[in-house]
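Numbers 1 to 104, taken from full-length UniProt numbering, label the letters of the sequence shown in order. For glycine and all other residues, C-beta sits at the position ideal for the given N, C-alpha and C. In what follows, a structure is listed as structure tokens, so that the remarks can point back to it.
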Amino acid sequence: DHVNLMVEFERSTTEVDAVPGDRTQYMQNLQAFSAAQQQPVKDLLALHPDEFIGEAQYFWIDSKVHIPQATAVLAMELASVPTVKAIRGEVIAHIMPMGGDLEL
């Protein structure tokens with residue numbers, strides 16, 4: 001079985017200080033912080049390319065990593081990375097229409 005995963009890290013992007021009057025520098029600082037946080041996961045994924053399907057997405061704004069169609073083996077490997085705080089699986093909600101009958 002495969003599941004989509006979202007990896008969260010111990011350190012938060014809230015640790016990155018804003019640069020008064022310089023949004024570009026702040027953005028670059030966030031990107032550098034996130035890249036450093038995410039590197040161990042990126043390295044692990046490079047070692048286990050057959051344990052997920054698709055391409056991982058790396059988010060710098062909140063320093064999370066989305067891994068599509070990961071195996072349980074990969075989830076266990078990710079759990080062993082010291083900087084990983086949480087690994088969350090995708091939750092799919094099926095919304096049923098309320099009220100009257102729906103005709104298609």
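For residue i, the first and last residue of its enclosing alpha helix (DSSP H)
i   : result
P40 : R23 to L47
Per-residue burial, residue i [other beta carbons within 10 Å of its own, 16 or more giving buried]
i   : result
L47 : exposed
E51 : buried
F9  : buried
I87 : buried
A18 : exposed
V84 : buried
S80 : exposed
K42 : exposed
I61 : exposed
Where residue i sits in the DSSP three-state scheme
i   : result
A75 : helix
Residue i, enclosing beta strand (DSSP E) - first and last residue
i   : result
G89 : V84 to G89
M6  : V3 to F9
Opposing strand residues paired with residue i [DSSP bridges]
i   : result
Q57 : H66
Would you call the stretch 19–38 and the stretch 70–80 touching, i.e. three or more CB-CB distances under 8 Å? Segments in contact, no.
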